[in-house]
Each structure stands twice: as C-alpha cells, then as structure tokens.
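Numbering (the numbering used here), first residue to last: 2 to 425.
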Amino acid sequence: MRGYKFFTFVASVLILGALQVGATETENKTGEFVATKDWQVIAEGQAIPKGLHVRINLQTGLKEAKLLDESERGTALQSQQEGQAADENEPLSLDYKPDIIEESLRRVKEKKKSYAELRKAYKEFQKNFRTDGELIVQLIDQYRNFSKTPLESELRSKLDSLENLEYLLHQIDNALLFIDNGGLDDVLLPIVVNDTNTALRISAMRVLGSLASNNPKAQIKVFEKNFGSHLAQILSSSGNAGEISAALHAFGALLRKFPLAQQRILSTSGTQALIKVLQSPDVELRSKSKVVTLISDLVQEKRFVLETSKDAPDAASTMAQYVLLEFQPWLQTHGYCPALDNVLAKDYLHLLEQPEIVEQFATALETTEDLCSASWSQSSGLRHALLTVRNRYANSQDEYRLEVSQVLSKLCERLFNKPKHTEL
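Laid out in structure tokens, this is it:
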C-alpha cells in the first residue's frame with residue numbers, strides 16, 4: 002500500500018513538472034522577445050520587435066535574432082525609409098481619408114488659381130503677339146518715323162531694329178515681304194549709300210546679306226536697286242575690318258548663283274574692288290581670306306555649271322550666261338595673280354598659327370592655278386612662304402594642320418616641280 006502511495010506521489014510530481022515546463026514554453030512562445038547583442042533562438046510563433054538582425058542558423062535550422070551592429074544601422078535606416086516611401090504609395094486606411102479629401106480640395110483650389118493666372122498671362126500674350134510679317138512691317142514703320150537727321154539718342158533703337166531684321170529676313174518669305182513693303186528703299190539703301198555712322202552701315206549690310214542669301218527673287222530686287230556698285234565702292238574705300246567683312250558678306254550673297262549680276266558688277270567695278278582689298282596693307286588677313294574665298298567660289302561655280310549643263314537641255318539659257326562671263330580674264334587684268342603672291346610672301350609668318358586661313362588661301366591657289374601658274378612658279382617669295390608654312394605644319398601633332406600641310410605639298414609640287422626639294 003505504501004509502495005502504491007509513493008508511486009502515486011512520484012507520478013503526480015512528474016505530471017506537475019511537465020505541466021510547468023509546458024506552461025513556460027507557452028509563455029516563451031507568446032511572450033516578448035528581448036534582444037541582446039548575441040544571437041538568440043526565436044520560438045515558433047514568437048513576435049520580435051522591428052530593427053533586429055534575423056537569420057536562420059544553418060546548423061540547427063532555427064531562426065535567431067540579435068541587435069544590429071553599428072555598421073548595420075545605416076543600411077537598415079535607409080531600407081526603413083524606402084519602406085516608408087513605398088508605404089505612402091499604398092492605399093491609406095479609412096482613418097486617413099478626411100485628410101486626403103482636405104488636401105485634395107486644397108490642391109484643386111491651387112490648380113484653379115494657377116489656371117486662372119495662366120489664362121490671364123495667355124490673354125496678355127495674345128494682345129502683344131505679332132507674326133513675323135507684322136513685326137517686319139512694324140520695324141519698317143518704326144524706321145520711317147526716325148528723324149531724318151542723325152540723332153545719337155536714336156542710334157541704339159536703330160541698331161536694335163536692324164538686328165531684329167537680320168534675324169527675321171533669313172527666311173525667304175520674310176525677305177520678300179520686307180522688300181514688298183519698301184524695306185530696301187526706306188531702310189537699307191539710305192543707310193548703305195548716305196549714312197555716316199559705321200555701325201549702322203555694318204548692320205544694314207548684314208541685313209542685306211541675310212535677305213539675299215539663297216533667295217533668287219530677293220537677289221534680283223537687290224541687283225535692280227544697284228546695291229552691287231555701292232558695295233563695291235565700300236570695299237574699295239573702307240579700311241574698317243567690320244565694314245569690309247559685312248560688305249563682302251552682302252556682296253557674295255548678291256553674286257552667288259546669279260550670273261547676270263556677276264556679269265554686270267564684276268565687269269565694271271566689282272573685280273577691281275576685290276583686288277583692292279587684297280592689295281591694301283591696312284586690311285587684315287582674315288578679310289583678305291574672305292576675298293579669295295569669294296573669288297574661288299565664283300570661279301568654281303562657273304566650271305561646275307559648264308560641266309554639268311552639257312547634257313541638260315533645260316539649262317541651256319543658264320549655261321549661255323556663264324559662257325559669256327569672263328571673270329578670270331578680269332582677275333588677270335586687275336592684277337589678281339601678283340596681288341595674291343604679294344599677300345602670302347609678305348604675311349606668311351602671320352599664317353603659321355592660323356591653319357583655317359591657310360586652307361582658304363591654298364584653295365584659292367588651287368582654283369586659280371591655271372590662271373596664275375606662269376607667274377607663281379617663278380616667284381621665290383611665294384615658294385618660300387608656302388614651304389615654310391608646309392614644313393611647320395608637317396611637324397605638328399594636330400591632325401588638321403597635317404592635312405593642310407599635305408595640300409600645300411601637292412600645290413608646291415605642281416607649281417615648282419621640285420618634289421624632293423626641302424627648305425628651312
């Protein structure tokens with residue numbers, strides 16, 4: 002009997018112990034996880050606070066967690082901020098909806114206000130808006146209202162008007178509208194012919210070049226107003242680099258692809274004016290390079306038309322105009338060959354650091370080589386200049402200068418027939 006009681010007592014103790022252990026495990030599963038710097042096992046179903054380092058122990062297969070190290074906190078913070086940003090894009094709970102409605106109403110009011118301001122600004126813009134044609138007519142009228150006598154107070158306004166016209170008249174239709182509304186007679190011609198202010202003349206010739214460039218109808222009108230002879234006079238007499246540059250721009254715009262104008266202008270004062278620019282000791286090299294470029298372009302233009310029009314019956318009339326054009330003989334008559342020879346022989350040292358200008362002169366030499374080779378091949382000054390520049394560029398590391406040196410080498414070989422000769 003005693004044995005049975007003892008057995009019953011032991012069993013009761015074991016059962017109570019088991020129940021106590023089970024209760025403890027249950028409490029651990031549902032209790033709060035207290036993290037430390039060491040790894041601790043996370044019980045099944047146990048909640049853990051945010052911001053811990055969690056892993057699965059590969060040896061035991063259990064989940065473990067600990068507090069983050071200092072080096073891990075920055076990365077965790079960034080991830081948390083990204084998570085919060087992502088949460089903002091998710092639908093909000095019902096508690097937030099009154100705030101959403103209030104914010105939406107505020108934004109709608111702001112948009113209405115902004116829209117009203119935009120409408121107001123647009124109406125103001127419509128009041129002040131002008132088409133290109135309206136602006137051109139307005140600028141012409143504005144110029145007509147300026148005083149007939151030069152006033153210093155009006156100079157800035159005149160220059161601004163001409164600058165606006167230069168921009169507008171690049172377009173063919175705008176240029177023709179300007180001409181039809183008397184722009185040549187009332188604005189440009191009085192300035193080019195009579196105005197004593199150099200800045201105004203320069204601006205007016207830029208406008209003239211703008212409206213005549215690649216615009217055959219405008220070229221005809223400019224030619225009919227005798228602008229060609231006025232521009233030739235400026236080229237012959239001016240020593241101002243800006244004025245010469247603007248006059249060359251307008252002169253070239255008038256003459257290019259217009260054989261009738263070339264025939265009438267270059268046969269009289271035009272060719273002589275170009276040669277005078279080359280001969281003048283006061284004109285800078287850049288302006289002289291523009292002269293030889295224009296001469297080269299006009300010579301090549303005639304050659305191209307004559308070569309391509311042989312098998313084109315429709316181009317017979319144009320070809321006939323170019324056949325009558327004797328530009329090269331006029332060049333020779335007015336001293337083009339010695340003039341270009343003299344420019345290069347005297348100023349070649351200034352060309353050593355200006356390869357783009359050297360290329361322009363080299364192109365002109367090639368284009369008119371058949372016209373001047375007899376005299377150029379005997380010129381020791383020209384030979385010395387070309388070989389000096391060639392040798393300088395041949396030793397350069399710059400690809401562009403090397404290309405120019407090759408052009409000069411071929412030119413020297415043809416002119417002087419001494420391919421093995423070296424100098425300097």
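Yeah, the Cβ is synthetic: ideal placement off N, Cα and C, and Gly gets one too.
Which same chain residues, not among the five before or five after residue i, have their C-beta less than 7 Å away from its C-beta?
i, result
"residue 374", "416"
"residue 300", "328, 329, 368 and 369"
"residue 188", "141 and 144"
"residue 340", "276, 279 and 280"
"residue 1", "With the chain represented from 2 up to 425, any question about residue 1 goes unanswered, as that position is not in the structure."
"residue 169", "133, 136, 137 and 175"
"residue 192", "201, 202 and 205"
"residue 178", "134 and 137"
"residue 271", "229 and 233"
"residue 334", "none"
"residue 245", "236, 239, 278, 284 and 288"
"residue 391", "406, 409, 410 and 413"
For residue i, which residues of its own chain have a beta-carbon under 6 Å away from its beta-carbon, when the five flanking residues on both sides are left out?
i, result
"residue 319", "none"
"residue 408", "363"
"residue 251", "206, 209, 210 and 232"
"residue 294", "361"
"residue 382", "346"
"residue 411", "none"
What is the residue span of the alpha helix (DSSP H) that residue i lies within?
i, result
"residue 244", "242 to 256"
"residue 235", "228 to 238"
"residue 376", "370 to 377"
"residue 355", "Run containing residue 355: none; DSSP gives neither H nor E here."
"residue 210", "199 to 213"
"residue 395", "381 to 395"
"residue 426", "There is no way to answer for residue 426, as the model of the chain reaches only from 2 to 425."
"residue 398", "Note, residue 398: premise wrong, no alpha helix (DSSP H); not H, not E."
"residue 152", "Note, residue 152: premise wrong, no alpha helix (DSSP H); not H, not E."
"residue 302", "286 to 309"
"residue 268", "No alpha helix (DSSP H) contains residue 268, which DSSP labels as neither H nor E."
"residue 174", "173 to 181"
"residue 418", "Element bounds for residue 418: n/a, residue is neither H nor E."
"residue 159", "156 to 169"
"residue 38", "Segment: none, residue 38 is in no alpha helix (DSSP H) and carries neither H nor E."
"residue 327", "Counting along the chain, residue 327 falls outside any alpha helix (DSSP H), and DSSP gives it neither H nor E."
"residue 313", "Where residue 313 is concerned, there is no enclosing alpha helix (DSSP H), given that its DSSP letter is neither H nor E."
Tell me the DSSP bridge mates of residue i?
i, result
"residue 44", "Partner(s): none; residue 44 has no beta bridge."
Count the other C-beta atoms from every protein chain shown that fall within 10 angstroms of the C-beta of residue i, then say buried if there are 16 or more, exposed otherwise.
i, result
"residue 405", "buried"
"residue 162", "buried"
"residue 393", "buried"
"residue 305", "exposed"
"residue 171", "exposed"
"residue 152", "exposed"
"residue 247", "buried"
"residue 197", "exposed"
"residue 303", "buried"
"residue 240", "exposed"
"residue 115", "exposed"
"residue 313", "exposed"
"residue 50", "exposed"
"residue 222", "buried"
"residue 216", "buried"
"residue 401", "exposed"
Taking the beta strand (DSSP E) that residue i belongs to, which residues open and close that run?
i, result
"residue 55", "53 to 57"
"residue 66", "64 to 68"
Which residue wins for smallest C-alpha separation from residue i, given the options the options?
i, options, result
"residue 62", "51, 52 and 41", "41"
"residue 397", "274, 354 and 216", "354"
"residue 199", "156, 70 and 252", "156"
"residue 52", "153, 67, 46 and 146", "67"
"residue 285", "259, 352, 309 and 389", "352"
"residue 337", "348, 322, 296 and 313", "296"
"residue 218", "254, 270, 335 and 38", "254"
"residue 389", "273, 413, 216 and 376", "413"
"residue 260", "322, 273, 220 and 356", "322"
"residue 173", "331, 213, 262 and 237", "213"
"residue 326", "344, 342 and 258", "258"
"residue 377", "342, 70, 387 and 183", "342"
"residue 186", "365, 227, 38 and 164", "227"
"residue 379", "418, 243, 184 and 154", "418"
Among the residues of its own chain, which have a CB less than 8 Å from the CB of residue i, if the five just before and after it don't count?
i, result
"residue 432", "The requested residue 432 does not occur in the structure, where the chain is confined to residues 2 to 425."
"residue 360", "405 and 408"
"residue 324", "307"
"residue 317", "310"
"residue 167", "204, 207, 208 and 211"
"residue 290", "358, 361 and 362"
"residue 23", "The pLDDT assigned to residue 23 is 46, lower than 50, so where the model puts this residue is not dependable, and the model offers no usable value."
"residue 331", "267, 268 and 272"
"residue 96", "Only weak support is given to the placement of residue 96: the predicted model assigns it a pLDDT of 45, under 50, and the value that follows is read from those uncertain coordinates. Nothing listed; no residue qualifies."
Does the beta-carbon of residue i, which I'm using as the reference point, lie nearer than 8 Å to any heavy atom of the ligand ZN?
i, result
"residue 387", "Among the ligands in the structure shown, none appear at all, so the ligand ZN cannot be discussed."
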